[in-house]
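K.L.:
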Amino acid sequence: MFEGEEMAMSSEQKKRVRHAHDRGYKHLLSSQSLFMQLVRSFIRRGWVEHIDEAGMIRVDKSFVLPDFSGKESDLVYRVKMKGRDVIFYILIELQSTVDVLMPWRLLQYQVELWRQELKDASRQERKRADFRLPVIVPIVLYNGSAAWTAPLSFRELLAEEKLFADEPLLNFTYFLLDIKRYKPEDLEKLSNMIGSVFLIEQQSHLPAADLIGLFRRLAPVIDRTPQEQREQFALWLEQISCGSARRRSRSSSSGIWWLKSKGKE
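Residue numbers (the working numbering): 29 to 293.
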């Protein structure tokens, strides 16, 4: 959104814009291949390389929290490790604004997932000495302009928690993927669809001619991606066009024009 533009919008208009952006990314990352591209590009951990992509399952269930009216978990994938009988979950939350209670919200989503696991397990299975709950890896994907000021760990949300520094208080952290804070050159070096999407999001304030130039620069990346990913990309552009009129006339319209012109070549 452009400088000064958000202030001129009503609270209901702002809400519609944010929901449109969240839907755009939710649709984009509903593609298993693009979701894995996101994880491999930005979560630099050893376990990522051992994910069995063929065994991934998107959990078709929303956990609407009673104390967060209208808010529900965005994307949850059930994941297996290659060659090992290990199952865990990756939970991703999509944010256009800062939510200072994010650790509390993520905790509730995790508890709901574990509650479902216990419900699905047989009584005999739950009584086994080696029964364990699955690991859940929480990720927050943030595309807002303001700095992310919410606590990055659950402990930080507790009042005066530093007075109890040596105590084993409940705690976890989450991965924050802050789209606007990545260096443009690093995103371009990724040379993949997710990096291109983040770069376009960052540069959406540019004039239409500059945006068309950006799309053309990204053409080699987009050209070599599978058709399914290109279709997801086009749908993402259409979703973010639900923002302001200026955004429609620049980033989305420029991108859709460019995609159509590529189809004619």
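The beta-carbon is built from N, C-alpha and C at its ideal position, and this holds for glycine as well. Quantities reported herein were computed from a predicted structural model and do not represent experimental measurements.
Strictly by DSSP, which residues pair up with Met-109?
P.N.:
Translated into the one-based positions of the sequence shown, residue 109 becomes position 81. Looking at the DSSP assignment, Met-109 forms a beta bridge with Ile-79.
K.L.:
Consult DSSP for Asp-206 and reduce its assignment to one of helix, strand or coil.
P.N.:
Counted from its first residue, the sequence shown places residue 206 at position 178. Strand.
K.L.:
Which complete alpha helix (DSSP H) runs does the segment 180 to 243 hold, if anything under 4 residues is left out?
P.N.:
212 to 218, 221 to 230
K.L.:
Would you call the segment 151 to 162 in contact with the segment 190 to 202, where contact means no fewer than 3 C-beta pairs closer than 8 Å?
P.N.:
no
K.L.:
What first and last residue would you give for the alpha helix (DSSP H) that runs through Val-249?
P.N.:
If you number the sequence shown from 1, residue 249 lands on position 221. Looking at the DSSP string, the run of the alpha helix (DSSP H) that includes Val-249 is 247 to 251.
K.L.:
Tell me the DSSP secondary structure of Phe-116 in three-state form.
P.N.:
Along the sequence shown, read from residue 1 onward, the residue named residue 116 stands at position 88. DSSP places Phe-116 in strand when its eight states are reduced to three.
K.L.:
Please report the distance separating the alpha-carbon of Lys-217 from that of Leu-227.
P.N.:
For the purposes of this step, residue 217 is taken as residue 189 along the sequence shown, with counting starting at 1. For the purposes of this step, residue 227 is taken as residue 199 along the sequence shown, with counting starting at 1. Each residue's Cα considered, the two are about 11 Å apart.
K.L.:
Is the beta carbon of Val-128 less than 7 Å from the beta carbon of Ile-118?
P.N.:
As a position in the sequence shown, residue 128 is number 100, starting the count at 1. As a position in the sequence shown, residue 118 is number 90, starting the count at 1. Cβ distance not < 7 Å, so Val-128 and Ile-118 don't count as in contact.
K.L.:
Whole angstroms is fine: what's the gap from Ser-124's alpha carbon to Ala-247's?
P.N.:
Here residue 124 refers to the residue found at position 96 of the sequence shown. Here residue 247 refers to the residue found at position 219 of the sequence shown. When rounded, the distance between both Cα atoms is 27 Å.
K.L.:
Would you say Leu-263 and His-78 are within 7 Å of each other, going by their C-beta atoms?
P.N.:
The residue labelled residue 263 in the question sits at position 235 within the sequence shown. The residue labelled residue 78 in the question sits at position 50 within the sequence shown. Not closer than 7 Å, so no.
K.L.:
Does the Cβ of Ser-181 have 16 or more other Cβ atoms within 10 Å, making it buried, or fewer, making it exposed?
P.N.:
Walking along the sequence shown from the start, residue 181 turns up at place 153. So Ser-181 counts as exposed.
K.L.:
So what does Tyr-170 bridge to, in DSSP terms?
P.N.:
Looking up residue 170 in the sequence shown gives position 142. BP columns for Tyr-170 point to Gln-123, Asp-206.
K.L.:
Please state whether the Cβ-Cβ distance between Lys-110 and Asp-88 is less than 7 Å.
P.N.:
In the sequence shown, the residue the question calls residue 110 occupies position 82. In the sequence shown, the residue the question calls residue 88 occupies position 60. No, Cβ-Cβ distance for Lys-110 and Asp-88 is not below 7 Å.
K.L.:
Just reading off the alpha helix (DSSP H) that Val-139 is part of, what are its end residues?
P.N.:
Here residue 139 refers to the residue found at position 111 of the sequence shown. Element bounds for Val-139: 130 to 148.
K.L.:
Tell whether a beta-carbon distance below 7 Å holds between Phe-203 and Ile-164.
P.N.:
Counting from one through the sequence shown, the residue named residue 203 turns up at place 175. Counting from one through the sequence shown, the residue named residue 164 turns up at place 136. Not in contact: Phe-203 and Ile-164 (Cβ atoms no closer than 7 Å).
K.L.:
Would you call Ile-120 buried or exposed, if buried means 16 or more other Cβ atoms sit within 10 Å of its Cβ?
P.N.:
Along the sequence shown, read from residue 1 onward, the residue named residue 120 stands at position 92. Buried, by the Cβ-count rule.
K.L.:
Taking three-plus beta-carbon pairs below 8 Å as touching, is the segment 147 to 155 in contact with the segment 207 to 215?
P.N.:
no
K.L.:
Verify whether the separation of the beta carbon atoms of Gly-74 and Gln-267 is less than 7 Å.
P.N.:
Within the sequence shown, numbered from 1, the residue matching residue 74 stands at position 46. Within the sequence shown, numbered from 1, the residue matching residue 267 stands at position 239. Not a contact, by the Cβ cut-off of 7 Å.
K.L.:
Note down the Cα distance separating Ile-240 from Ser-173, rounded to an integer number of angstroms.
P.N.:
Along the sequence shown, read from residue 1 onward, the residue named residue 240 stands at position 212. Along the sequence shown, read from residue 1 onward, the residue named residue 173 stands at position 145. Answer to the nearest angstrom: the Cα atoms are 22 Å apart.
K.L.:
Please classify Gln-267: does DSSP put it in a helix, a strand, or coil?
P.N.:
Against the sequence shown, residue 267 aligns to sequence position 239. Helix at Gln-267.
K.L.:
What are the residues that DSSP puts in a beta bridge with Leu-161?
P.N.:
The count along the sequence shown starts at 1 and reaches residue 161 at position 133. BP columns for Leu-161 are empty, so no partner.
K.L.:
Going by C-alpha to C-alpha distance, which of Ser-232, Thr-253, Pro-254, Met-64 sits closest to Leu-103?
P.N.:
If you number the sequence shown from 1, residue 103 lands on position 75. Out of Ser-232, Thr-253, Pro-254, Met-64, Met-64 has the C-alpha closest to the C-alpha of Leu-103.
K.L.:
Given a threshold of 16 other Cβ atoms within 10 Å of its Cβ, counted over all protein chains shown, does Arg-245 qualify as buried or as exposed?
P.N.:
Start at 1 with the first residue of the sequence shown, and residue 245 comes out as number 217. Per the 10 Å Cβ criterion, exposed.
K.L.:
Per DSSP, what kind of secondary structure is Val-104 in: helix, strand or coil?
P.N.:
Position 76 of the sequence shown, counted from the first residue, corresponds to residue 104. Val-104: strand per DSSP, three-state reduction.
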